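*Asks:* Taking mature numbering (1 follows the signal peptide of the UniProt record, and there is no 0), I'd label the letters of the sequence shown as residues -23 to -1, 1 to 225.
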Amino acid sequence: MTHARVALVTVLLTPFLVQSSSCTRPFGGGLSGVSSRSSSPTLRANRMRRHLQQLRGNAFSLGDVFPFLQPKSSADVESLKTAIREKSKGTNNGVDASPARREEIAELLQELEAANPTRKLTSSPLISGSWKLLYTTNDGSSAGKIGPFVGDVVQNVELQDGEYVNIVSLANGAFRGVLTATWDNVSDKLWKVKFKDIKLELFGVVLQEKELPATGTWRMTYLDDDFRVLYAMGGKNQEKENVYVLAK
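#1: Count the CB pairs spanning the region 56 to 65 and the region 75 to 85 that are closer than 8 Å, and state whether there are at least three.
#2: Have a look at V182, L223, T192 and K49 and flag the residue whose alpha-carbon is nearest the alpha-carbon of K169.
#3: Just mark A209 as buried or exposed, buried being the case when its beta carbon has 16 or more other beta carbons within 10 Å.
#4: Could you check what DSSP says for T59 in three-state terms: helix, strand or coil?
#5: Please return the same chain residues whose Cβ sits closer than 7 Å to the Cβ of I123, not counting the five positions on each side in sequence.
#6: Mark G67 as exposed unless 16 or more other C-beta atoms lie within 10 angstroms of its C-beta, in which case mark it buried.
#7: If we ignore side chains and look at the alpha-carbon of each, how far apart do N219 and V182 end up?
#8: Among all the DSSP beta bridges, which residues are the ones paired with G132?
#9: State the Cα-Cα distance for the pair Y141 and R205, rounded to the nearest angstrom.
#10: Tell me which residue opens and which closes the alpha helix (DSSP H) that L85 is part of.
#11: Taking 6 Å as the limit between beta carbons, can you name the residues of its chain near E216, skipping five residues before and five after?
#12: Cα-Cα, which of W108, K97 and V131 is closest to S118?
#13: Terminal residues of the continuous beta strand (DSSP E) containing G193?
#14: Using 8 Å as the threshold, is the C-beta distance between A158 and K171 below it?
#15: What do you get for V163, buried or exposed, if any count of 16 or more other CB atoms within 10 angstroms of its CB means buried?
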């Protein structure tokens, strides 16, 4: 939910919460309060009973009042994913995205993450497979940027083997950067990533290969059969999370 929506909910609900907590005129609705001066305990109990019955009658769903709080349907989710794909186009994996475009994508991601259908994101079989990077807030090699060029980024995840490979390709695959890593499951949403090595290839010939003794943290927020969202921190970005949006 955006900050504006949170503020709107707070402003609109505060009178209801204050009134109902004091047991006088809840929901602004013509109910008499429960008087502490009633002489009869039975009368006070009856009034309280009627009061509670009226409260139940006035009950409402927040989703009825604020549609953006309603659970997302599958059609809503697909629309959000389509919008994110469209907003990511022409940004070079996010490297060339304007501040306004980044804000638009961030708001769409918030809505999508609220509809995450997968409980155990870090161990779900859905995570296995080949994923193409659509968008990231990282502007370095993880975004496919090598010098002045930005290539395609594919991530191959093998859940059973506990290993993934990031591949950055330029010039239709003539040049490739291949990074291999493993991970430890920290929680249902968190991976502790351990980078192993990186190779640079030209026309399939390895030009350079070296170990990469670094670690990172992946915080996963959305996963289904063809869409992933995660936030990564590590390497040169030890204090900043970057979002990564990948699709099959």
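Just so it is clear, CB atoms sit at the ideal spot from N, CA and C, and this is done for glycine as well. In this text, all values refer to a predicted model and were calculated from it rather than measured experimentally.
*Replies:* Well, looking at it:
#1: Judged by pairs of C-beta atoms under 8 Å, the region 56 to 65 touches the region 75 to 85, as three or more such pairs exist.
#2: Translated into the one-based positions of the sequence shown, residue 169 becomes position 192. Taking only the C-alpha atoms, the option nearest K169 is T192.
#3: For this step, residue 209 is matched to residue 232 along the sequence shown. Buried, because 16 or more other Cβ atoms sit within 10 Å of the Cβ of A209.
#4: As a first step, residue 59 is located in the sequence shown; it is residue number 82 there, counting from the start. Helix at T59.
#5: Counting from one through the sequence shown, the residue named residue 123 turns up at place 146. Here the set comprises V145, L147 and G154.
#6: Taking the first residue of the sequence shown as 1, we reach residue 67 at position 90. Note on G67: under 16 other CB atoms within 10 angstroms of its CB, so exposed under the neighbour-count rule.
#7: On the sequence shown, position 242 is the one that residue 219 refers to. On the sequence shown, position 205 is the one that residue 182 refers to. Taking the Cα positions, N219 is about 32 Å away from V182.
#8: On the sequence shown, residue 132 is found 155 positions in, with the first residue counted as 1. Note that residue 132 is Gln in the sequence shown here, rather than Gly. In the DSSP output, where bridge partners are listed per residue, Q132 has W108 and N143.
#9: By 1-based counting over the sequence shown, the position of residue 141 is 164. By 1-based counting over the sequence shown, the position of residue 205 is 228. Those two C-alpha atoms are separated by around 15 Å.
#10: Taking the first residue of the sequence shown as position 1, residue 85 is located at position 108. P76 to E90 is the extent of the alpha helix (DSSP H) around L85.
#11: Reading the sequence shown from its first residue, position 239 is the one you call residue 216. Non-local C-beta neighbours of E216 in its own chain, meaning closer than 6 Å and more than five positions away in sequence, are absent.
#12: For the purposes of this step, residue 118 is taken as the residue at position 141 of the sequence shown. Comparing Cα positions, the closest option is V131.
#13: Position 216 of the sequence shown, counting from 1, holds the residue named residue 193. Judged by DSSP secondary structure, G193 falls within the beta strand (DSSP E) whose first and last residues are T192 to L200.
#14: Counting from 1 along the sequence shown, the entry for residue 158 is found at position 181. Counting from 1 along the sequence shown, the entry for residue 171 is found at position 194. Result yes, Cβ atoms of A158 and K171 sit closer than 8 Å.
#15: The count along the sequence shown starts at 1 and reaches residue 163 at position 186. Around the Cβ of V163, a 10 Å sphere holds fewer than 16 other Cβ atoms; the residue is exposed.
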